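So the sequence shown is numbered by the working numbering: it starts at 10 and just counts up by one.
C-beta: ideal position from N, C-alpha, C; glycine also.
Note that the coordinates shown come from a computational prediction; the quantities given were computed from them, not determined experimentally.
This report concerns only the one structure given below.
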Amino acid sequence: MVKFIRLLIAAATAVCLCSCANSFKDIKVTSFDLVSVSPKGLSALDASVAIGVDNPTVQVTLTKMYAIVKMDGEPCLHFTADDVTLAPRSQEIYEIDVHGNIDGAFNPFQILTLFKGSSLDPLTVDVWFRGVLKNGFGKDFEYKDIPVKDLIDKI
């Protein structure tokens, strides 16, 4: 009888975990706005961004957020962001503090070439973060070589 109860609890836990893992796909970014930018010397900046999120699932905390912006495949900017907790079953705008540094091997004057034309084609971004549920279970997410142009078009 005890084995049956343990098996039943294990099956119920597996079903709950599977349903929560699939629901991460339902979270959508609905808006993006750059609130403020503060330069920190010549090679760093702090920014505040407002991101609208539609979260039809349970509470999720996004931690260890890190991104690298690349120009023609070479890293140019490194970004980290503060942790944010997405409220369950809600549509809210979250203000997130972002901290950025220019890569040591990158020539910042290369960014000026973007102002010659309106094309953002040479820019891509790699993103890493961890989504953690309220009970402590989490999953690491990694997205590589996302064209910045596509990100801007979707928002």
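If you run the structure through DSSP and keep just helix, strand and coil, what is residue i?
i	result
Val67	coil
Asp92	coil
Leu54	strand
Pro48	strand
Asp112	coil
Phe146	coil
Ile161	helix
Ile36	coil
Tell me the rounded alpha-carbon separation between residue i and residue j.
i	j	result
Lys148	Gly140	5 Å
Lys158	Val67	31 Å
Asp112	Ile155	19 Å
Lys125	Gln119	11 Å
Glu101	Phe115	36 Å
Ala76	His87	6 Å
Val38	Asp63	6 Å
Lys153	Pro97	28 Å
At least one CB of chain B closer than 8 Å to the CB of residue i: is that the case?
i	result
Val46	Structure shown: chain B not included; a single protein chain is present.
Thinking C-alpha only, which one of the options is nearest residue i?
i	options	result
Leu129	Pro117, Val67, Ala90 and Leu160	Leu160
Glu83	Asp135, Lys37 and Ala53	Asp135
Met80	Leu132, Ala53 and Asn110	Leu132
Ser40	Asn144, Ser47 and Ile60	Ile60
Leu43	Gly50, Lys49, Ala56 and Ser52	Ala56
Ser47	Gly109, Val93 and Leu95	Gly109
Pro117	Asp35, Cys85 and Pro97	Cys85
Asp92	Val78, Phe138 and Ser99	Phe138
Could you tell me which residues DSSP pairs with residue i in its beta bridges?
i	result
Asp42	Ala59
Gly82	According to DSSP, which records beta bridges pairwise, Gly82 is partnered with nothing at all.
Pro156	Thr133
Thr72	Arg139
- Mind the definition here: the region 66–76 touches the region 97–105 only if three or more C-beta pairs lie below 8 Å; say whether that holds. Output reads yes: the region 97–105 touches the region 66–76.
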